[in-house]
Every structure is written in C-alpha cells, then in structure tokens.
C-alpha cells in the first residue's frame, strides 16, 4: 500500500490519556499516519508519554491542552464515563474529535455531541478500529459478493479468559459507570454487525456475571433478528465471555449456498505490544493457520486468505475528512445507533423479553 506525501502542514493532534488505549492504539497510529502530527499528550501523572514521544508536548490537564490553539484534532482515550464530557469540552473548544468506544454511555449524550459537532462544522467520530481488522475486512468482502447466498445465521464471538476479575480497576469494580463487557467488547461487535447488516428488527439479550467474584457484567449473548422476506430471517448472534479457556470461532456465517468459519483475533494489537513497527513488512497479516474456511453447497472447501488489517486506515480517513476530501467512515450517527442497541440490550436483559428495535428520531 502506498501512502501519499503531504506537502501541506500536518494536522496537529492531541491524545487525552496514556493508558492502554492511548498508548497502544491512538498515539501509535496517529504517529504512523502521514499528514498527522502527534503534537500533544495529556498525561496527568508519570513520564511514560514523554519518554515514548519526546517531541510531543506533555500537558498535565485537559484545559491546558484545549487552550493550545494549534491543536486541531483531539482523541479521547480515558475511562468510559469521561468520554462524553471530554468530547464535549473538545468540540466546544473548536477541535475535531475522535472518541474511543464506547462513544457515550447514553444515546442522549451521543446525540448532544452530534449536534455540537454539526453546529460547529467539526469532524466527530467513534474509534471503531475493529472495522480495520483483517478478518472483518475479509468477512465483509464475502458478504458483499454474496458468496454464501442468502444469509441465514451470523455469529460473532469476542472471548477472553481471566478467572479472577480485576476488582481494583474501573472496568470491573462494579461502581464506576461504563464498566463491564457490553460497553467494552460489545461496542466493537455491535458496531461490526450494524456495519454489515444495518439496524435489526428485534433484539433479545442476556447480560450477566458469570465469574464467582464478578461485580459487573462479564458475559453477554445478543440475538438480533432481520426480516429477509417470505417469512425468512437472518439471525445475528453476538457473544462474549471472560470464561473461554478455549475460544470459539471468531466469526461463523451460514448461508443457503455454504458456510464460512474463522478462528483467531487480528494480530495488530499484539504486534504493537511486542514492539513491532507499524507498517513494517507483513504488518497486519495473519498466519495461514488462522485463515478462514469456506465450504460451498457443491462440496468444495477452501481456505480464504485473511486480508491484512491496518488500523492506520481509520486515522487516514479522519485526516482526509478534516481536509474535506472524504466522508467520515465512522460518524457520530453510527456511534449513536450502537449506543441505542446497548440501551435496548440492557432493557431486554433486565425485562427478560424480546424488544422491537425502535431507535427513535435520528439526532
């Protein structure tokens, strides 16, 4: 893949937070994209950001960074319950904004952010980097080509194994708003399902705590139903658990003309943690052992090479959108829809019933 050389001044970006998301995803990929400059990082304590990016200005407060008129783009990577307020502050300060998932904790919050960005003509996007996973790109291509005929069942798993919850961390302490698996991994696989199939007709959810010492949801099963005409339906199953010592398939897709099954998780996150340079030879490529299997109605069976994943594509799109050269790939309205599905899933699980998916007026 060839990347353009930009003759204009790069877009100056700041990242709020230097935890896992800020460190592994946002700073790393902003730094790796031509036309973007990692100009500033907000890290309240510690010097890890300064050591990793000595050319970036390190701010100790969000207010200090937002007062820097040279900053054009802000990425919010802090704990989930802070996303709305920090995103709102950045928009009101005239910055383009990227917000890590979950975009907001309520659809009302998401709608307010969308309104502010629209009024001020600013780019606003949810960081749904998993749309640039190699396996998802491969799956999306198969779906668009209609290889499997009329789709009948799609199942997406995002499983982990951790016996003991980390009760000292905000995601699992049972107290901090925005914790739990549905907001965390659920935001990703719901977004992928909506990107593939749009909004379902109904939702049935089971959101629960499986581990003995757990204080917040660590497992969920969501069933989304799509009418296909003539009484036929597409069933979408979205599942996640922290008790999968042997993970199931990442994707399973059944259609009237065959099936596709894919194991394994995109390698980019582990590669960054291991110190691999973004964009180095083989970046984002999976070993052949993890390629998916396609079996068609005629009995033929083949391995489908996984497209190389590349999260740079997300921030390249943000760059191009700011320059007025592209539409935002993951706009705020997509994040609002995902947030509404999460709200409906919680209601369905609490009431123990299937609900119609009524999103309400678009913001």
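Numbering (this note's numbering), first residue to last: 1251 to 1613. For glycine and all other residues, C-beta sits at the position ideal for the given N, C-alpha and C. These numbers come from a predicted model, not from an experiment.
> Out of curiosity, what's the CA-to-CA distance linking residue 1434 and residue 1592?
Replying inline: So the alpha carbons of these two residues sit roughly 11 Å apart.
> What first and last residue would you give for the alpha helix (DSSP H) that runs through residue 1303?
Replying inline: Taken as a continuous stretch (DSSP letters only), residue 1303 belongs to no alpha helix (DSSP H), as it is neither H nor E.
> When burial is assigned at 16 or more other CB atoms within 10 Å of the CB, is residue 1361 buried or exposed?
Replying inline: When all chains shown are included, residue 1361 counts as buried.
>> Runs of 3 residues minimum, wholly inside the stretch 1447-1498: which ones carry the beta strand (DSSP E) assignment?
In response: Within the stretch 1447-1498, the complete beta strand (DSSP E) runs of at least 3 residues are 1452-1458, 1469-1479 and 1482-1491.
> Of the choices 1565, 1517, 1318 and 1488, whose alpha-carbon is the least far from that of residue 1474?
Replying inline: With respect to the C-alpha of residue 1474, the residue from 1565, 1517, 1318 and 1488 having the closest C-alpha is 1488.
> Going by other Cβ atoms of all chains shown within 10 Å of its Cβ, with 16 needed for buried, is residue 1501 buried or exposed?
Replying inline: The residue in question, residue 1501, is buried, as its Cβ has 16 or more Cβ neighbours within 10 Å.
>> Pop quiz: residue 1559 and residue 1384 are said to be a contact at Cβ under 8 Å. What is the actual Cβ separation, rounded to whole angstroms?
In response: The pair is a contact, with the Cβ atoms about 3 Å apart (cut-off 8 Å).
> Going by Cα to Cα distance, which pick from 1580, 1506 and 1513 is closest to residue 1561?
Replying inline: It is 1580 whose Cα lies nearest to the Cα of residue 1561.
> Apart from the five residues just before and just after residue 1441, which ones in its own chain have a Cβ nearer than 6 Å to its Cβ?
Replying inline: So the list reads 1378 and 1588, once near-sequence residues are dropped.
> Which term fits residue 1337, buried or exposed, when burial requires 16 or more other beta carbons within 10 angstroms of its beta carbon?
Replying inline: Label assigned to residue 1337: buried.
> Which stretch, first to last residue, makes up the alpha helix (DSSP H) that contains residue 1334?
Replying inline: Counting along the chain, the alpha helix (DSSP H) containing residue 1334 begins and ends at 1333-1342.
>> Contact defined as beta carbons within less than 8 Å: I believe residue 1392 pairs with residue 1398. What is the distance between those atoms, to the nearest angstrom?
In response: With 8 Å as the limit, residue 1392 and residue 1398 qualify as a contact, their Cβ atoms being about 7 Å apart.
> How long is the line joining the alpha carbons of residue 1578 and residue 1302, rounded to whole angstroms?
Replying inline: Using only the alpha carbons, I get a separation of about 29 Å.
> Where does residue 1404 sit, in a helix, a strand or coil, going by DSSP?
Replying inline: Of the three classes helix, strand and coil, the one that applies to residue 1404 here is strand, per DSSP.
>> Within 8 Å, do at least three Cβ pairs link the stretch 1566-1573 to the stretch 1592-1607?
In response: The count of Cβ pairs closer than 8 Å, one atom from the stretch 1592-1607 and one from the stretch 1566-1573, stays below three, leaving the stretches out of contact.
> In the structure shown, what three-state DSSP assignment does residue 1358 receive?
Replying inline: Reduced to three states, the DSSP call for residue 1358 is helix.
> Are residue 1323 and residue 1583 closer than 8 Å when you measure CB to CB?
Replying inline: Taking 8 Å as the cut-off, the beta carbon of residue 1323 is found no closer than this to the beta carbon of residue 1583.
>> Between which two residues does the alpha helix (DSSP H) holding residue 1278 run?
In response: 1277-1282 is the span of the alpha helix (DSSP H), which, as asked, contains residue 1278.
> Quick check: the stretch 1458-1465 against the stretch 1413-1423, are there 3 or more CB pairs under 8 Å?
Replying inline: These segments touch.
> How about residue 1280 and residue 1299: are their beta carbons less than 8 Å apart?
Replying inline: Against a cut-off of 8 Å, the Cβ pair of residue 1299 and residue 1280 comes out as no contact.
> If you drop the 5 nearest sequence neighbours on each side, which residues of the same chain put their C-beta closer than 8 Å to that of residue 1605?
Replying inline: Around residue 1605, the same chain offers 1452, 1453, 1454, 1594, 1597 and 1598 as residues with beta carbons nearer than 8 Å, after the five sequence neighbours per side are excluded.
>> Quick check on this structure: which residue in 1364, 1351 and 1348 has the alpha carbon closest to the alpha carbon of residue 1612?
In response: For residue 1612, the closest of 1364, 1351 and 1348 by C-alpha to C-alpha distance is 1364.
> DSSP three-state call for residue 1578: helix, strand or coil?
Replying inline: Coil, per DSSP.
> Taking Cβ positions, are residue 1431 and residue 1469 nearer each other than 8 Å?
Replying inline: It is a contact, given that the beta carbons lie within the stated cut-off.
>> Taking 8 Å as the cut-off, does the stretch 1532-1546 touch the stretch 1401-1408 (at least 3 CB pairs, one atom from each stretch)?
In response: At 8 Å Cβ cutoff, the stretches do not touch.
> By the 10 Å Cβ neighbour count, where 16 or more other Cβ atoms means buried, how is residue 1512 classified, buried or exposed?
Replying inline: Label assigned to residue 1512: buried.
> Does the beta-carbon of residue 1490 have 16 or more other beta-carbons within 10 angstroms, so that it is buried, or is it exposed?
Replying inline: Per the 10 Å Cβ criterion, buried.
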